[in-house]
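See structure below.
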Amino acid sequence: MTTVRVRGIYATALTRLLSEMEEYEIVQPSEPIEARFPASFADTPATVTIETTDDRLGVGVDSTADASGQDVTNAIADRGIDALSWSDPVPPEAVFDGRVIDTTTNGAVVDLGASEGYLPFTNTNDHVERGDQLRVQVATAVPPWTDDRPILRCDTAVSNGFARLVRGETTSASNTIDITELLSTEPREGWTVRWSDRASDSSFDALTEALEALNERAARIDHALEDAVGDPRRRVTPRSTAWVWFGRETRFALDEHRRSVTSTMDGHHRIKAGANAASAAVDFTEAVCEPTGSFPFDVTIRQFGPHVGDRIALRHGKPDGRCFDLGPGKVTDHTDETITIERRMSPGGTYDALGIERRAGDTAVTKLTEGRWWYPTVYRSAEDKRRGTYVNVCTPVELFPESARYVDLHVDVVKHADGTVERVDDDELDAACDRGDVPDVLAERARTVATSIQRALSE
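In terms of my numbering, the sequence shown opens at residue 862 and continues consecutively.
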C-alpha cells in the first residue's frame, strides 16, 4: 500500500479522494484532517507527498517510488477535464554536474544539461564565477508554469518528515534530538542525521523506518557520485516529482469531494486559488454558517478584484506546462461575469493567424468571461478600425485579482477584416495529443468549441 502525506488548500478534498481507494493510506495528517475524518491515520513515513504549490494553482506530487508517484498523479489528474500533469526533469534531491553560465548580485545561473538552475551564493561556501564546474543538488523544485528556475545548493542531503541526512557532516546541530542511539539503525557512514521536531512524538518503529528509507536514498547518491565532476548532466534522482495544474472545472470537482467531509461553499477552491487573503474569508464563512447557493463571483470580484481601472496580466498557459505573459492590460469594463481589458500593442511583427502587420497605435480589446472555454480579442487600428478578431480556445477562464488564467488548447478561430472566417492550428492540437500533452477528452472538447465558434462567426 502506498502511504501518502497531503498538505495545503486541497488537502481535505485529496485526502477524501485517495482514502476511498484501497491502494492508498493517508499518513502524517495535519490537525484539520484529523478533526474532519473519523478514521485514525498512522504517523509513519510517506512514500508520496502532495503539497499545494505556492501560487495555489495546483499541487506537486513528490515520490520516492516512481510507479506509486505516477499512480497518485494520475488519480488526481483524472478528477477533472481541465487538470493537466507533467513530470519534473529537475526534482528535489536530484544531483547534477553543472557549469556556471552567468552570475547575478546574489547568485549564479547553472547549466544542468537539459535545463538550468539558480544557485544562491548563500547555498555555497565557495567563490563561484562564470565557467566554474561544480556539483549541485536541487533544493527547491518549481512548477513548469512559473518563470522561476529551481533553487540549487552545494551540500547534499536527503530528508522526509522525520529526519534529514546530510552528506559529509561529522557533527549534528545543537538542537538535534539525541535519539539515534535508541534505534536499531544508524545513519549511513559519511552522513549525519538531524531529527525534526516531529520525531520527538513518533514511535521508535516509525523513526527506524524513516532512517532506513533515508539511508537507501543516501546509498544511491554515494554510488552515483563516485566519479569526478564532469560536463553538465544529471547524476542521480533519489526522488521524482510531478506537477498537477488544476483548471476551474477541476477545482469545482474537488469542492464536491471536500463537501462530503465538511461544510464547503460553492467555489471554495476557486476562491482560495485566487488570493491568499481569500483563504481566511472562506474559512470564516464556512465556520459560522452552512453555505448555500452558487459560486458568488460578483462578491468575490468586488472584494478581491480585478476592478475597473486595475491592470492585470493574461497568463497564457500551454499544454506542455509552460506559461507566457501576454502583457498587462487595463480593465475597462465589468459586466456580470465578464471583464474587458485593453492593451496597447507595440509595432513590429504580425498578429498570429491574421497575417497582418502590427502597427503603432494598435489596441487589443479582450473580453474574458469566467468559466468560458474561449475568449475573443479584437484588434483595432489607431483610427479605431477593426483589423481582425482572434478567438482563443482554452480551458475555462479564471479571473483572478492580478491575472486571467487558462491553458491554450492550440486550435483557434479568426475573423479577418473582410469578414472571412478561418479555423487554425488543428495540426498543433493533434501534435499535442500525440505527445500526450492534451488528453483525448480535453482535445475533443476543444474541437467542439472551435466548431461552434466557427459556425457562429460565419453566420
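Cβ coordinates follow ideal geometry from the N, Cα and C atoms, glycine included.
Restricting to runs no shorter than 4 residues, where is the alpha helix (DSSP H) found entirely within the stretch 882-925? 892-897
Continuous alpha helix (DSSP H) assignments of at least 4 residues falling wholly in the stretch 1132-1196: 1137-1149, 1158-1165
For T1161, collect the residues of the same chain with a Cβ closer than 6 Å to its Cβ; drop the 5 residues on either side in sequence, then sort them by chain order. Position 300 of the sequence shown, counting from 1, holds the residue named residue 1161. Excluding sequence neighbours, T1161 sits near I1132.
From what residue to what residue does the beta strand (DSSP E) around N986 run? On the sequence shown, residue 986 is found 125 positions in, with the first residue counted as 1. Segment: none, N986 is in no beta strand (DSSP E) and carries neither H nor E.
Taking R1316 as the reference, which of N986, I1202, P1011, V1282 has the closest Cα? Within the sequence shown, residue 1316 is the residue found at index 455, counting from 1. Checked all of N986, I1202, P1011, V1282; the closest Cα to R1316 is V1282.
Whole-angstrom distance between A1024 and S1035, CA atom to CA atom: Numbered from its first residue, the sequence shown carries residue 1035 at position 174. Numbered from its first residue, the sequence shown carries residue 1024 at position 163. With a pLDDT of 45 at S1035, under the threshold of 50, the predicted position of this residue should be treated as unreliable, though the coordinate-derived value follows. Going by the C-alpha atoms only, they are around 15 Å apart.
Chain D beta carbons: is any one of them nearer than 8 Å to that of E1203? Among the chains of the structure shown, chain D does not appear; only one protein chain is present.
When burial is assigned at 16 or more other CB atoms within 10 Å of the CB, is D1286 buried or exposed? Residue mapping note: residue 1286 aligns to position 425 of the sequence shown, counting from 1. When all chains shown are included, D1286 counts as buried.
So if DSSP puts E1283 in a beta bridge, which residue, or which two residues, is it bridged to? Against the sequence shown, residue 1283 aligns to sequence position 422. Answer is V1275.
For V867 and L918, what's the separation of their Cα atoms in angstroms? By one-based count along the sequence shown, residue 867 stands at place 6. By one-based count along the sequence shown, residue 918 stands at place 57. Between V867 and L918, the C-alpha separation is close to 15 Å.
Determine the direct distance from the alpha carbon of A903 to that of D1066, and round the result to whole angstroms. Counting from one through the sequence shown, the residue named residue 1066 turns up at place 205. Counting from one through the sequence shown, the residue named residue 903 turns up at place 42. Approximately 12 Å, taken between the alpha carbons.
Three-state secondary structure assigned by DSSP to C1015: Locating residue 1015 in the sequence shown gives position 154, where the first residue counts as 1. Here C1015 sits in coil by DSSP.
With DSSP as the reference, label D1062 as helix, strand or coil. In the sequence shown, counting from the first residue as 1, residue 1062 sits at position 201. Note: D1062 maps to helix in three-state DSSP.
What would DSSP say about S1045, mapped onto helix, strand or coil? Indexing the sequence shown from 1 puts residue 1045 at position 184. Correct three-state label for S1045: coil.
Report, in whole angstroms, the separation of the C-beta atoms of A944 and A938, which I expect to be a contact under 8 Å. Stepping through the sequence shown from its first residue, residue 944 is reached at position 83. Stepping through the sequence shown from its first residue, residue 938 is reached at position 77. So it is a contact: roughly 5 Å between Cβ atoms.
For E977, I'd like the list of residues in its chain whose CB is within less than 8 Å of its CB, leaving aside the five on either flank, ordered along the chain. Against the sequence shown, residue 977 aligns to sequence position 116. Cβ neighbours of E977 beyond the five flanking positions: I962, V970, V971, R1010.
Out of S1140, D916, S1045, which has the shortest C-alpha to C-alpha gap to T1007? Here residue 1007 corresponds to residue number 146 of the sequence shown, with the count starting at 1. Of the listed residues, the one whose Cα sits closest to T1007 is D916.
Give every residue of the same chain whose Cβ lies closer than 7 Å to the Cβ of W1052, excluding the five residues on either side of it in the sequence, and list them in chain order. Translated into the one-based positions of the sequence shown, residue 1052 becomes position 191. Same-chain partners within the cutoff: L1026, V1027, R1028, A1079.
Residue of R960, A1293, E892, Y871 minimising C-alpha distance to R861: The question about residue 861 has no answer, for the chain in this structure spans 862 to 1320.
Assuming T1224 and R1241 form a contact by the criterion Cβ under 8 Å, report the distance between their Cβ atoms to the nearest whole angstrom. The residue given as residue 1224 occupies position 363 in the sequence shown. The residue given as residue 1241 occupies position 380 in the sequence shown. That belief holds up - the Cβ atoms of T1224 and R1241 are roughly 5 Å apart, short of 8 Å.
Assigned exposure category for S1319 - 16 Cβ within 10 Å defines buried: Translated into positions along the sequence shown, residue 1319 becomes position 458. Exposed, since its Cβ has fewer than 16 Cβ neighbours within 10 Å.
Sort out for me which residues DSSP pairs R1321 with in a bridge. An answer regarding residue 1321 cannot be provided, because it is not within the stretch 862 to 1320 covered by the chain.
First through last residue of the beta strand (DSSP E) which encompasses F1107: Counting from one through the sequence shown, the residue named residue 1107 turns up at place 246. Note, F1107: premise wrong, no beta strand (DSSP E); not H, not E.
Should D1279 go down as buried or exposed, given a rule of 16 or more other Cβ atoms within 10 Å for buried? By 1-based counting over the sequence shown, the position of residue 1279 is 418. D1279 should be labelled exposed.
Residues bridged to A1024 [DSSP beta-bridge criterion]: Indexing the sequence shown from 1 puts residue 1024 at position 163. W1056, per the DSSP bridge assignment.
Compute the beta-carbon to beta-carbon distance between I887 and V909, rounded to the nearest angstrom, for a pair I have assumed lies under 8 Å. Counting from 1 along the sequence shown, the entry for residue 887 is found at position 26. Counting from 1 along the sequence shown, the entry for residue 909 is found at position 48. No, I887 and V909 are not in contact; Cβ-Cβ is about 10 Å, not under 8 Å.
Could you spell out where the alpha helix (DSSP H) holding S880 opens and where it closes? Counted from its first residue, the sequence shown places residue 880 at position 19. It spans 872-880 - the alpha helix (DSSP H) in which S880 sits, taken as one unbroken run.
Measure the C-alpha to C-alpha separation of D958 and E1110 and round it to an integer number of angstroms. Along the sequence shown, one-based indexing puts residue 958 at 97. Along the sequence shown, one-based indexing puts residue 1110 at 249. Approximately 41 Å between the Cα atoms of the pair.
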